[in-house]
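Just so we're aligned, residue 20 is where the sequence shown starts under our numbering, counting upward by one.
Beta carbons are placed, not taken as given, at the ideal position from N, Cα and C, and that holds for glycine.
Here is the structure we will look at, set down as structure tokens.
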Amino acid sequence: MSEDEKPRVPRKFQAKRVHGKSSTADATIEWTGDTINCGHGRFSTVVLISLEQPEQGLFAYKHVKATQLCRPKGKGSSTEPLPQKEGELPAEIEILSKIQHNHCLRLLYYQLTTDIGNPYNMILDMLPHEVGRHLKDNRKGFNLLDTKVLSWQMFNALAYLASMNIAHLDIKPANLIFDENTMLLKLADFGNARIISNEADYMPYQVARPYRAPELMFDVWSGGCVMAEIATGQTLFTSAKTKEMAAVVVNVLGYPTDEDVKAMKVGRPRVRKGKNLGLQKHMPSIPKEMLPVLEKILVYNIKKRITAHRLLSDPFFAELKLLPKRSNGHRIPDFGYDIHEQATQFDEHTRTAESKSEYDPPARSEYHIMSTPIKDKSEAPRSEAPKNEGKTMRADLKPRSRCAHKPKTAREVNGNHTQPKTLPKTTSKCEHP
Numbered sequence: 020m021s022e023d024e025k026p027r028v029p030r031k032f033q034a035k036r037v038h039g040k041s042s043t044a045d046a047t048i049e050w051t052g053d054t055i056n057c058g059h060g061r062f063s064t065v066v067l068i069s070l071e072q073p074e075q076g077l078f079a080y081k082h083v084k085a086t087q088l089c090r091p092k093g094k095g096s097s098t099e100p101l102p103q104k105e106g107e108l109p110a111e112i113e114i115l116s117k118i119q120h121n122h123c124l125r126l127l128y129y130q131l132t133t134d135i136g137n138p139y140n141m142i143l144d145m146l147p148h149e150v151g152r153h154l155k156d157n158r159k160g161f162n163l164l165d166t167k168v169l170s171w172q173m174f175n176a177l178a179y180l181a182s183m184n185i186a187h188l189d190i191k192p193a194n195l196i197f198d199e200n201t202m203l204l205k206l207a208d209f210g211n212a213r214i215i216s217n218e219a220d221y222m223p224y225q226v227a228r229p230y231r232a233p234e235l236m237f238d239v240w241s242g243g244c245v246m247a248e249i250a251t252g253q254t255l256f257t258s259a260k261t262k263e264m265a266a267v268v269v270n271v272l273g274y275p276t277d278e279d280v281k282a283m284k285v286g287r288p289r290v291r292k293g294k295n296l297g298l299q300k301h302m303p304s305i306p307k308e309m310l311p312v313l314e315k316i317l318v319y320n321i322k323k324r325i326t327a328h329r330l331l332s333d334p335f336f337a338e339l340k341l342l343p344k345r346s347n348g349h350r351i352p353d354f355g356y357d358i359h360e361q362a363t364q365f366d367e368h369t370r371t372a373e374s375k376s377e378y379d380p381p382a383r384s385e386y387h388i389m390s391t392p393i394k395d396k397s398e399a400p401r402s403e404a405p406k407n408e409g410k411t412m413r414a415d416l417k418p419r420s421r422c423a424h425k426p427k428t429a430r431e432v433n434g435n436h437t438q439p440k441t442l443p444k445t446t447s448k449c450e451h452p
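What follows is the structure in structure tokens.
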């Protein structure tokens, strides 16, 4: 990063508090020393600063040059930022303001500006290392135990985001920061993150090509690709062009079925059916113990793909509950590896993989700051209403409304007073209790 690319951070400025320690909503930020280069991209630059007020410590200062959600400009050009509506917070700030989780980056303060492009500044917590940089510098992956510890925390963060109906949309090693001593990991860079809605328009280029899922519902798919890379130090799927990436994936996983294509809501890939090599032949360095869980993740059909919630109690991570020792002789920290077991067991009995999508969230409270989970309301036994005796009914009990799928009677349809006759049954299944 050149000196010209560095953000000019005032020694003292006003900012809005989000999760910081300031006692007031408007905080006065003061820092000392020099800025330390941390990283930069097309839309943002990050440096480290040493805060003095309203709290002390080393924090990340992120300057976002323009709104990051983009759209195509047109033929012969790339992208342009979407305009931000007046009075709305940038999506990154809005989402980070909602998030409180040990494995997601914490937004302390933010500062809006009125300059062209709506740039803004944020002060965030930080960890000393980046998974992507560590892999590049060491030219090899982590050992299997460390891979499990880091990957479990990543999927914990994704499960929490899914419970909040938030998609990160940019899961890759460069966006995972960690402490090599404590092995604490946090998911960073929410510049592409969006709250899931029917109206949302998610551009495919928001996600780095090697971690992009075929149907663009990809946080768990991306997480699987990243987990393989953490273990091997090699990118699982690589291609110079987007069109070629489909051929690479099909060559490894096989050609999607008609059911898969329908579930992905995409067109049938215009590539040859491929060799269906399988993951082990494609990348022999993947630990054999990891192959079964990867095969649950890298599934075309999102209705059959394992969710982040279920991954937390997958047998691949079972070893972590015993808190084994790392190669340095110290036991791994307890990040709460067993807090999801009960909820997951209940989930296995009440739902099938075919009926649950990647963004079908579990109870939100299970993922907040890794506290003791509150059971899903659906776990509580239903209280049975007292049976009606004669024609009397308790005043506080309303009659159960008719399900939309339950066949109506002729009397209800025609409004006459003849003896009711049940109409033909509909073919749709009713899930009304």
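Can you have a look at residue i and say buried or exposed, based on whether 16 or more other CB atoms are within 10 angstroms of its CB?
{"i": "I135", "result": "exposed"}
{"i": "H349", "result": "exposed"}
{"i": "A250", "result": "buried"}
{"i": "P418", "result": "Legend: pLDDT at P418 = 41, less than 50; position of this residue unreliable, no value from coordinates given."}
{"i": "I325", "result": "buried"}
{"i": "E111", "result": "buried"}
{"i": "D208", "result": "buried"}
{"i": "P26", "result": "buried"}
{"i": "I55", "result": "exposed"}
{"i": "P109", "result": "buried"}
{"i": "R213", "result": "buried"}
{"i": "A181", "result": "buried"}
{"i": "G194", "result": "Inspection of the sequence shows that residue 194 is occupied by Asn rather than by Gly. Answer is buried; the Cβ neighbour count reaches 16."}
{"i": "Q299", "result": "exposed"}
{"i": "L204", "result": "buried"}
{"i": "L11", "result": "Examination of residue 11 is not possible in this model, given that the chain is present from 20 through 452 alone."}
{"i": "S346", "result": "exposed"}
{"i": "R90", "result": "Reliability of the predicted coordinates at R90 is poor, the pLDDT of 45 falling under 50, and the value obtained from them is presented with this limitation in mind. Burial call: exposed."}
{"i": "R329", "result": "buried"}
{"i": "N211", "result": "buried"}
Could you please give the first and the last residue of the uninterrupted beta strand (DSSP E) stretch that includes residue i?
{"i": "F32", "result": "K31 to R36"}
{"i": "E278", "result": "Here E278 belongs to no beta strand (DSSP E); instead the alpha helix (DSSP H) covers D277 to M283."}
{"i": "Q130", "result": "L126 to L131"}
{"i": "M264", "result": "Unbroken run through M264 is the alpha helix (DSSP H), T261 to L272; no beta strand (DSSP E)."}
{"i": "K81", "result": "G76 to V83"}
{"i": "L296", "result": "It is not in any beta strand (DSSP E) - L296 carries neither H nor E in the DSSP assignment."}
{"i": "V66", "result": "S63 to Q72"}
{"i": "A46", "result": "D45 to H59"}
{"i": "L330", "result": "Not the beta strand (DSSP E): L330 falls in the alpha helix (DSSP H), residues A327 to L330."}
{"i": "K205", "result": "L204 to L206"}
For the putative contact between residue i and residue j, defined by C-beta atoms under 8 Å, what is the C-beta separation to the nearest angstrom?
{"i": "H38", "j": "Q119", "result": "7 Å"}
{"i": "P29", "j": "A46", "result": "The Cβ separation is near 14 Å, so there is no contact."}
{"i": "P306", "j": "L77", "result": "About 35 Å separates the two Cβ atoms, so there is no contact after all."}
{"i": "F354", "j": "Q172", "result": "6 Å"}
{"i": "I185", "j": "I114", "result": "6 Å"}
Can you list, in chain order, the residues of its chain whose CB lies under 7 Å from that of residue i, leaving out five sequence neighbours each side?
{"i": "D279", "result": "Y319 and N320"}
{"i": "G93", "result": "Low confidence applies here, because G93 scores a pLDDT of 45, under 50, leaving its location unreliable; read the following figure in that light. Result list for G93: empty, nothing under 7 Å."}
{"i": "E338", "result": "K167"}
{"i": "C57", "result": "V65, V66, L67 and A79"}
{"i": "R125", "result": "H38, L143 and D144"}
Once the 5 residues before and after residue i are set aside, which same chain residues still bring their CB inside 6 Å of it?
{"i": "Y224", "result": "Residue placement at Y224 is flagged as unreliable, the pLDDT there being 43, under the threshold of 50; the coordinate-derived value follows with that caveat. Answer for Y224: no residue qualifies."}
{"i": "P275", "result": "Y319"}
{"i": "H148", "result": "F197 and E199"}
{"i": "H301", "result": "V271"}
Can you list, in chain order, the residues of its chain whose CB lies under 8 Å from that of residue i, leaving out five sequence neighbours each side?
{"i": "E248", "result": "L154, G160, P192, T254 and L255"}
{"i": "F335", "result": "K167, E308, M309, P311 and V312"}
{"i": "L177", "result": "H187, I190, L206, D238, V239, G242 and A327"}
{"i": "R291", "result": "A266 and V269"}
So residue i is in the alpha helix (DSSP H); what residue range does that whole segment cover?
{"i": "A250", "result": "D238 to T251"}
{"i": "T166", "result": "L163 to S182"}
{"i": "S116", "result": "A110 to K117"}
{"i": "H14", "result": "Given that the chain is displayed from residue 20 to residue 452, the structure contains no residue 14 and the question cannot be resolved."}
{"i": "K315", "result": "L310 to I316"}
Please report the distance separating the alpha-carbon of residue i from that of residue j.
{"i": "M145", "j": "D277", "result": "45 Å"}
{"i": "P138", "j": "V83", "result": "5 Å"}
{"i": "K322", "j": "V269", "result": "19 Å"}
{"i": "N175", "j": "N200", "result": "20 Å"}
{"i": "V66", "j": "I142", "result": "10 Å"}
{"i": "A44", "j": "Q130", "result": "12 Å"}
{"i": "A259", "j": "K35", "result": "42 Å"}
{"i": "K81", "j": "S63", "result": "7 Å"}
{"i": "P352", "j": "L341", "result": "11 Å"}
{"i": "K294", "j": "L272", "result": "9 Å"}
{"i": "Q75", "j": "Y179", "result": "29 Å"}
{"i": "P303", "j": "G52", "result": "48 Å"}
{"i": "E49", "j": "S69", "result": "9 Å"}
{"i": "G60", "j": "K281", "result": "36 Å"}
{"i": "S116", "j": "S42", "result": "17 Å"}
{"i": "D165", "j": "G151", "result": "15 Å"}
{"i": "Y356", "j": "T257", "result": "32 Å"}
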